[in-house]
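Numbering (the working numbering), first residue to last: 1 to 83.
Every residue gets a Cβ at the ideal spot worked out from N, C-alpha and C, and that includes glycine.
Just below is one structure, and these are the notes that go with it.
And the structure:
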């Protein structure tokens with residue numbers, strides 16, 4: 001299990017904003033584990049951009065030596081594991 005900081009969440013959200021991807025990443029911390037979830041900021045603004053958003057998030061964490069592991073069908077909730 002990997003542990004990330006709020007600063008990393010802020011950094012990812014900044015990258016998404018710079019790329020005009022209307023999504024926001026959130027961190028959930030419970031029982032000693034972290035989970036993350038992606039909030040689409042409006043249906044029309046996000047439609048057709050999910051793949052690009054996933055690529056940005058996955059590459060950000062891959063560069064930090066972490067793998068994204070989605071655990072829902074919509075790929076909006078995930079955890080991180082060390083490579």
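Next on the checklist: Under DSSP, the beta strand (DSSP E) around residue 4 begins and ends at which residues?
Outcome noted: Within the chain shown, residue 4 is the residue found at index 4, counting from 1. Taken as a continuous stretch (DSSP letters only), residue 4 belongs to no beta strand (DSSP E), as it is neither H nor E.
Next on the checklist: Do residue 60 and residue 11 count as a contact pair if the criterion is CB distance below 9 Å?
Outcome noted: The sequence position of residue 11 within the chain shown is 11, counting from 1. The sequence position of residue 60 within the chain shown is 60, counting from 1. Against a cut-off of 9 Å, the Cβ pair of residue 60 and residue 11 comes out as a contact.
Item to check | Residue environment, residue 41, which counts as buried when at least 16 other CB atoms sit within 10 Å | outcome: Position 41 of the chain shown, counting from 1, holds the residue named residue 41. Counting the other Cβ atoms within 10 Å of the Cβ of residue 41 gives fewer than 16, which makes it exposed.
Checklist entry - What is the DSSP secondary structure of residue 81, reduced to helix, strand or coil? => result Here residue 81 refers to the residue found at position 81 of the chain shown. Correct three-state label for residue 81: strand.
Checklist entry - Short check: CB of residue 49 to CB of residue 21, under 9 Å? => result Stepping through the chain shown from its first residue, residue 49 is reached at position 49. Stepping through the chain shown from its first residue, residue 21 is reached at position 21. Against a cut-off of 9 Å, the Cβ pair of residue 21 and residue 49 comes out as a contact.
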